[in-house]
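Under the numbering used here, think of the first position of the sequence shown as 20, with each following residue one higher. C-beta atoms are modelled at their ideal positions from N, C-alpha and C, and glycine is treated no differently.
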Amino acid sequence: DSGSVKRSKWWSTYVGRIKGQIMLIGQQGKQVELVAIEGGPISSLEAGDLATIHKEARDDLKSQGLHIDIKVSIVSLQEFLLKHGRGTALEACVSGSQGTSGAAQQNLSGSFGPQGMALAGSQPA
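Printed below as a string of structure tokens:
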């Protein structure tokens with residue numbers, strides 16, 4: 020059940036890695052887009068925690084004097100692929116191992132969880 024997943028060491032490590040990636044992208048002066056991809060039980064848990072992850076990451080950035088825009092959205096896999104490209108998602112899935120993996124395509128650097136959380140940073144327009 021989602022409660023036991025949320026209380027697990029795996030979940031706290033997973034969320035910590037997402038926030039770490041947000042910090043890394045924010046320190047590079049890039050805008051951050053935090054995306055939950057609709058799906059199964061873990062994806063639903065991610066979507067439910069987006070607001071908390073967003074707030075904690077924004078607070079962490081502010082504590083370092085960084086004021087980076089963090090966009091948050093929940094999308095279908097099809098919407099994600101249309102916006103970010105199939106290659107980015109596939110590269111992330113193939114190179115992933117136990118939690119968060121890195122992917123890069125042009126000006127994107129991303130971090131993808133095993134169940135659908137995606138994080139992309141891009142240069143401000």
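Cross-strand partners of residue i (DSSP beta bridge)
{"i": "glutamate 65", "result": "BP columns for glutamate 65 are empty, so no partner."}
{"i": "isoleucine 89", "result": "Val51"}
{"i": "isoleucine 56", "result": "Val94"}
Residues near residue i in its chain [Cβ-Cβ closer than 7 Å; skip 5 each side]
{"i": "tryptophan 30", "result": "Val24"}
Supposed close pair residue i, residue j - CB separation, criterion 8 Å
{"i": "alanine 55", "j": "glutamate 65", "result": "5 Å"}
{"i": "isoleucine 41", "j": "leucine 69", "result": "Not really, about 12 Å apart at Cβ, beyond 8 Å."}
{"i": "leucine 80", "j": "glycine 45", "result": "5 Å"}
Close Cβ partners of residue i (< 6 Å) along its chain, the five nearest in sequence each way excluded
{"i": "aspartate 88", "result": "Gln50"}
{"i": "lysine 90", "result": "Glu52"}
{"i": "leucine 12", "result": "The chain is shown from 20 up to 144; residue 12 falls before or after that span and cannot be answered."}
Alpha carbon of residue i to alpha carbon of residue j, nearest angstrom
{"i": "glycine 48", "j": "proline 60", "result": "33 Å"}
{"i": "glutamate 98", "j": "glutamine 83", "result": "33 Å"}
{"i": "serine 27", "j": "glycine 104", "result": "32 Å"}
Close Cβ partners of residue i (< 8 Å) along its chain, the five nearest in sequence each way excluded
{"i": "isoleucine 73", "result": "Position check: residue 73 holds histidine in this sequence, whereas isoleucine was assumed. Leu53, Ile89, Val91."}
{"i": "histidine 86", "result": "Leu80"}
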